[in-house]
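Novice: Chains as they are written, first to last, in my numbering: chain A, 1 to 166; chain B, 167 to 278. Note that the Cβ used here is the ideal one computed from N, Cα and C, for glycine as well. Here the structure is a predicted model, which means the values were calculated and not measured.
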Amino acid sequence: MAAAASAPMLRSARFDAGRLSMQLGNGLAAIAEGGAALRDFCAREGISDAVINRVDVVFEEVVANIVRHGFAPGSAQTIAVEARIEGDAMVLVFDDDGRPFDPTLQPPPAPFTRLADAQVGGLGVALVQRLARSVAYAQPEATGVGFLPVNRLTVTIATGERSPPG
Amino acid sequence: MQVTMNEFDGIRRVVLDGRLDTAGVGAIELSFTAMTASAGKPVVVDLAAVSFLASLGVRMFIGTARSVAAKGNRLVFYNATPAVMEIIDTMGLAEIIDIAADEAEAMALVQA
Numbered sequence: 001m002a003a004a005a006s007a008p009m010l011r012s013a014r015f016d017a018g019r020l021s022m023q024l025g026n027g028l029a030a031i032a033e034g035g036a037a038l039r040d041f042c043a044r045e046g047i048s049d050a051v052i053n054r055v056d057v058v059f060e061e062v063v064a065n066i067v068r069h070g071f072a073p074g075s076a077q078t079i080a081v082e083a084r085i086e087g088d089a090m091v092l093v094f095d096d097d098g099r100p101f102d103p104t105l106q107p108p109p110a111p112f113t114r115l116a117d118a119q120v121g122g123l124g125v126a127l128v129q130r131l132a133r134s135v136a137y138a139q140p141e142a143t144g145v146g147f148l149p150v151n152r153l154t155v156t157i158a159t160g161e162r163s164p165p166g
Numbered sequence: 167m168q169v170t171m172n173e174f175d176g177i178r179r180v181v182l183d184g185r186l187d188t189a190g191v192g193a194i195e196l197s198f199t200a201m202t203a204s205a206g207k208p209v210v211v212d213l214a215a216v217s218f219l220a221s222l223g224v225r226m227f228i229g230t231a232r233s234v235a236a237k238g239n240r241l242v243f244y245n246a247t248p249a250v251m252e253i254i255d256t257m258g259l260a261e262i263i264d265i266a267a268d269e270a271e272a273m274a275l276v277q278a
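See the structure below:
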């Protein structure tokens, strides 16, 4: 019996001038598929390789965290990501309908001083905060039908100089 | 993501190739740990072909460095790309793990 093909985790992606909007499913493949679309968007917008890497890492950390910490039964299990250029920054907005969770409230891990004592929990959130210009959490008001986000994380990353968009 | 190894002069050289993202770490963590922690000798890890590093990869590096150190050996990473070095520097990883610029420096460090 042939195995059923896995549904793509990147459910939709829309590119407009200076903006990418994606809807991802709840699965680790969402990181790979969404990340590839985001890198492509950044390259088209003339963003430098160094900044693309920062955006890529932030995306990986945030989406992996959402997928790992679980969605409540009955939710749409959706992650909506918007990336847009605002002046000298890339603004990433992650909406999900998982369990309420504010990653900005996590205390940062202690700085590394000794290998034996190094804390390995919370590194992802700490990395996002260090790479970003700002990180903000909110719980959007639930309106309308369909996908109702519970958590909204907005991460702003400085882009510096950009090449003319291709 | 792939991991390979060879040995010379009593040193194990492990080569990582690909993205150390969630999927990449998941694919090679067991093999990488086996190749490094069980080596019973100094280990150098070539990062030249690693195009991406995030917190899961950092956690893997710390875990294997601890395992190698517990057996009285040294683990040195080298040849990190600028993208990978930015994450190493941002996390302050070089404070607790040996990071060398190139193979020559790694070989000198691991035998020091």
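According to DSSP, is Gln129(A) helix, strand or coil?
Specialist: The residue you call residue 129(A) lines up with position 129 of the first sequence. If DSSP states are grouped into helix, strand and coil, Gln129(A) belongs with the helices.
Novice: Expressed to the nearest angstrom, what Euclidean distance is found between the alpha-carbon atoms of Glu269(B) and Ala189(B)?
Specialist: Within the second sequence, numbered from 1, the residue matching residue 269(B) stands at position 103. Within the second sequence, numbered from 1, the residue matching residue 189(B) stands at position 23. Approximately 27 Å between the Cα atoms of the pair.
Novice: Sorted by chain position, which residues of the same chain lie with C-beta nearer than 8 Å to Asp108(A)'s C-beta, five sequence neighbours on each side aside?
Specialist: Start at 1 with the first residue of the first sequence, and residue 108(A) comes out as number 108. Looking at the sequence provided, one finds Pro at residue 108(A) rather than Asp. Only Gly122, Val125, Ala126, Gln129 meet the Cβ criterion.
Novice: For Ala13(A), return the contacting residues in chain B, with the cut-off set at a CB-CB distance below 9 Å.
Specialist: The residue you call residue 13(A) lines up with position 13 of the first sequence. Those within 9 Å of Ala13(A) in chain B number zero; the least Cβ separation is about 19 Å.
Novice: Measuring only the C-alpha atoms, how far is Leu105(A) from Gln277(B)?
Specialist: Walking along the first sequence from the start, residue 105(A) turns up at place 105. Walking along the second sequence from the start, residue 277(B) turns up at place 111. Rounded to whole angstroms, Leu105(A) to Gln277(B) spans 43 Å at the Cα level.
Novice: Name the DSSP beta bridge partners of Leu214(A), please?
Specialist: Nothing can be reported for residue 214(A): it is not among the residues displayed for chain A, which extend from 1 to 166.
Novice: Taking the alpha-carbon positions, what's the Asp96(A) to Phe112(A) distance?
Specialist: In the first sequence, counting from the first residue as 1, residue 96(A) sits at position 96. In the first sequence, counting from the first residue as 1, residue 112(A) sits at position 112. Asp96(A) and Phe112(A) have their C-alpha atoms roughly 32 Å apart.
Novice: Consider the Cβ of Phe243(B): report whether some Cβ of chain A lies at a distance smaller than 8 Å.
Specialist: Against the second sequence, residue 243(B) aligns to sequence position 77. Taking 8 Å as the threshold, the shortest C-beta distance from Phe243(B) to chain A does not fall below it.
Novice: Anything in chain B within Cβ reach of Ile31(A), meaning under 9 Å, just list it in chain order.
Specialist: In the first sequence, counting from the first residue as 1, residue 31(A) sits at position 31. At a beta-carbon threshold of 9 Å, the residues of chain B lying near Ile31(A) are Asp187, Thr188, Ala189, ordered along the chain.
Novice: Between Ala266(B) and chain A, is the shortest Cβ-Cβ distance under 8 Å, so that the two count as touching?
Specialist: On the second sequence, residue 266(B) is found 100 positions in, with the first residue counted as 1. For Ala266(B), no Cβ of chain A is located within less than 8 Å of the residue's own Cβ.
Novice: Does the CB of Glu60(A) have a neighbour CB from chain B at under 8 Å?
Specialist: Here residue 60(A) refers to the residue found at position 60 of the first sequence. By the rule that beta-carbons nearer than 8 Å mark a contact, Glu60(A) touches chain B.
Novice: Would you kindly work out how many angstroms separate the C-alpha atoms of Arg185(B) and Leu219(B), rounded to a whole number?
Specialist: Your numbering for residue 185(B) matches position 19 in the second sequence. Your numbering for residue 219(B) matches position 53 in the second sequence. Straight-line Cα distance between these residues: approximately 7 Å.
Novice: How close, in whole Å, do the beta carbons of Val150(A) and Pro103(A) come, if the pair is a contact with beta carbons under 8 Å?
Specialist: To locate residue 150(A), count along the first sequence from 1; it is residue 150. To locate residue 103(A), count along the first sequence from 1; it is residue 103. The pair is not a contact, with the Cβ atoms about 13 Å apart (cut-off 8 Å).
Novice: Could you tell me the distance, in whole angstroms, from the CA atom of Pro248(B) to the CA atom of Met257(B)?
Specialist: Here residue 248(B) refers to the residue found at position 82 when the second sequence is read from its first residue. Here residue 257(B) refers to the residue found at position 91 when the second sequence is read from its first residue. Computed Cα separation, rounded: 14 Å.
Novice: Any beta carbon from chain A within less than 8 Å of Glu261(B)'s own beta carbon?
Specialist: Position 95 of the second sequence holds residue 261(B). By this cut-off, Glu261(B) is an interface position.
Novice: So Val224(B) contacts chain A; which residues on that side make the cut at Cβ distance below 7 Å?
Specialist: For the purposes of this step, residue 224(B) is taken as the residue at position 58 of the second sequence. Those within 7 Å of Val224(B) in chain A are Leu123.
Novice: According to the neighbour-count rule (16 or more other Cβ atoms, all chains shown, within 10 Å of its Cβ), is Asp16(A) buried or exposed?
Specialist: Here residue 16(A) is taken as the residue at index 16 of the first sequence, counted from 1. Counting Cβ neighbours within 10 Å, Asp16(A) comes out exposed, since fewer than 16 surround it.
Novice: Mapping the DSSP letters down to three states, classify Glu141(A) as helix, strand or coil.
Specialist: Numbered from its first residue, the first sequence carries residue 141(A) at position 141. DSSP, reduced to helix, strand and coil, places Glu141(A) outside both helices and strands of the structure shown, so it counts as coil.
Novice: Kindly say whether Arg133(A), judged by its beta-carbon, lies nearer than 8 Å to any beta-carbon of chain B.
Specialist: Sequence index remark: in the first sequence, residue 133(A) carries index 133 (1-based). False, the Cβ-Cβ gap to chain B never drops below 8 Å.
Novice: Do the segment 228-240 of chain B and the segment 197-207 of chain B touch if we need at least three Cβ pairs shorter than 8 Å?
Specialist: yes
Novice: Closest by CA to Thr199(B), which one among Arg232(B), Ala214(B), Asp175(B), Ser221(B)?
Specialist: Position 33 of the second sequence holds residue 199(B). Among Arg232(B), Ala214(B), Asp175(B), Ser221(B), the Cα nearest to that of Thr199(B) belongs to Arg232(B).
Novice: Listed from N- to C-terminal order along the chain, which residues in the segment 42-66 of chain A have their beta-carbon within a distance smaller than 8 Å of any beta-carbon of chain C?
Specialist: Protein chains A and B are contained in the structure displayed, whereas chain C is not.
Novice: Helix, strand or coil for Ala274(B)? Go by DSSP, reduced to three states.
Specialist: Here residue 274(B) refers to the residue found at position 108 when the second sequence is read from its first residue. Helix.
Novice: My guess is that Leu38(A) and Ala83(A) are in contact by the Cβ rule of under 8 Å, so how many angstroms apart are they, rounded?
Specialist: Against the first sequence, residue 38(A) aligns to sequence position 38. Against the first sequence, residue 83(A) aligns to sequence position 83. Sure, about 6 Å apart at Cβ, within 8 Å.
Novice: Helix, strand or coil: which one does DSSP assign to Ile194(B)?
Specialist: For the purposes of this step, residue 194(B) is taken as the residue at position 28 of the second sequence. Here Ile194(B) sits in helix by DSSP.
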